[in-house]
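Each residue of the sequence shown is one higher than the last, beginning at 4 in full-length UniProt numbering. Where is the CB? At the ideal position from N, CA and C, for every residue including glycine.
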Amino acid sequence: PLTVNARARAIKPSATLSISARAGELRAEGRKVFNFSAGQPDFAPPAAIAKAVTERFADAPVGYAPVPGIPGLREAVARELSEYHGTSYDKAQVIVSCGAKHSLANLFLVTLEAGDEVVIPTPYWVSYPEMVGLGGGTPKIVSCPRSQGFKLLPEQLAEAVGPKTKFLVLNSPSNPAGVMYSEAELRALGQVLAERAPQAWILADDIYRKLVYVDSGHASVVRACKGIPNIEDQIVLVDGVSKSHAMTGWRIGFLIAPLPVAKAVTAVQGQSTSGASTPAQWAALTALTEPSSVAAVADMREIFRERRAAMIEGLRAAGAELVEPEGAFYVFPDFSKFIGEGERFADDFELARVLLDDKGLATVPGTAFGAPGHLRLSFACSLEDIREGTRLLGEVLAG
Ligand code: PLP
């Protein structure tokens, strides 16, 4: 038989799959399913994007894109992120890939050596530990409970790092909790790295940075770490259009890294995927530069803002305990008082199953994000569903 190697065997199957499969079955039976498990916006992308792409189809064959990305897109990304982070990136440092997920996987693949550690605070996006493992490194998971706002504290970082630390992963706003680090919090973490692990790099996954609902706004880790020796120059950025422009299926993401790393990512892509899809890169360029597409992000943000408020209100009324999300489109309520020995539900998987089977509420168990006792609910769904769904959740919790 053709056997699967140890690297592949070590990958955990997605914990969300059984929930989506069950949700699909219920839908097929004609039952109403409240989709609180979506990891993507439910909008159409800005209209100018499809228009720009279809116009170009008429002009010429759709050929291979350059492996690191089309020049216009790399330039646009370098320009936008230089301005945003108050620094100066060269377009040669920008590599376009098939989604931010691909950028992250490539980065780990070209930088991690056996034994390298990557600090990942909980609750984390499900793919980080698996990608680190695939890249040959070791995830160093640090537990950041609700009591500390689901954020890594400097003293925890000091404890977690050492000479083997290669990266600290920061995802702000986060999937699954929607929490954000302030500039002061980011600086404090950068200072710990400078003192305790000056060889370490920060990996900032900024995929949700344009979806922020609080007046304080998103803090740039690059600005926050200005002037901190070593660390100020040891930051890799991952960003993209998937979430901000409702373009998940177009599969475009990018990273900004030091030149040798950018070149290594290009080499890997050159021998595996080649460049990302050419029309999708035209689309991403339109998303980032065409004025109505840029403005459309603000419109989507306003819709999410309203849904977020309804979600928080509904969950509170249902009896859930939560940290208010400041960005992204998720909330990560704590149900631990309903879970465990002598309680109504054995674990978060059972709670999720009961919510789905009894009320049609599709959620994702917190265990998948390294935080048992919680559920992730997405508010990338209609206001009516949020209101009715949280009411039904309240019925289940009330017994
Ligand atoms: N990073 C985080 C935190 C995410 O939540 C996601 C998508 O779920 C990604 C990266 C991947 O984004 P993309 O769809 O561009 O690959």
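Between the CA atoms of residue j and residue i - distance to the nearest angstrom
i         : j    : result
I14       : D62  : 43 Å
E324      : P126 : 16 Å
S91       : A81  : 8 Å
E28       : G363 : 11 Å
F46       : L214 : 14 Å
K104      : G256 : 7 Å
D93       : S280 : 22 Å
V367      : P124 : 18 Å
Q274      : V122 : 29 Å
M250      : V300 : 11 Å
F153      : G165 : 23 Å
V145      : Q159 : 7 Å
I389      : M303 : 17 Å
L358      : D351 : 10 Å
A31       : S130 : 29 Å
K229      : K246 : 28 Å
S296      : A283 : 15 Å
R12       : W128 : 20 Å
I147      : G75  : Residue identity check: residue 147 is Cys in the sequence provided, not Ile. Between C147 and G75, the C-alpha separation is close to 40 Å.
P49       : Y67  : 25 Å
E327      : T6   : 46 Å
residue 3 : P4   : There is no way to answer for residue 3, as the model of the chain reaches only from 4 to 402.
A203      : L288 : 32 Å
S150      : D337 : 10 Å
T19       : A270 : 33 Å
I231      : R199 : 13 Å
V244      : C101 : 11 Å
heavy atom of the ligand PLP below 7 Å from residue i C-beta
i    : result
T125 : no
K94  : no
Burial state of residue i (16 or more Cβ within 10 Å)
i           : result
E309        : exposed
S381        : buried
K35         : exposed
F170        : buried
R10         : exposed
R77         : buried
V217        : exposed
E346        : exposed
Q272        : buried
F60         : exposed
Q237        : buried
R311        : buried
residue 404 : No statement about residue 404 is possible, as the shown extent of the chain runs from 4 to 402 and does not include it.
V65         : exposed
A260        : buried
T168        : buried
A117        : exposed
E305        : exposed
residue 3   : Nothing can be reported for residue 3, as the shown portion of the chain is limited to 4 through 402.
A51         : buried
Beta-carbon separation (whole angstroms), residue i vs residue j, contact threshold 8 Å
i         : j    : result
V241      : I210 : 7 Å
G369      : F335 : 7 Å
D208      : L107 : 7 Å
A161      : E186 : Contact flag wrong, Cβ pair sits at about 20 Å.
S223      : Y87  : 6 Å
Q96       : L262 : 6 Å
residue 1 : N8   : What is shown of the chain runs 4 to 402, which leaves residue 1 out entirely.
P44       : A383 : 5 Å
T292      : A26  : Not quite, the Cβ-Cβ distance comes to about 37 Å (not below 8 Å), so this is no contact.
P179      : R379 : 4 Å
E329      : V182 : 6 Å
L115      : V135 : 7 Å
L173      : Y184 : 7 Å
P69       : G278 : 6 Å
L155      : L189 : Not a contact, Cβ separation roughly 10 Å.
L400      : G322 : 5 Å
Task: Below 6 Å from a heavy atom of the ligand PLP - residues by beta-carbon - done: Near the ligand PLP, residues with a Cβ at less than 6 Å from any of the ligand's heavy atoms are G42, G102, A103, K104, W128, N174, N178, D208, I210, G243, S245, T251, G256; the list follows chain order.
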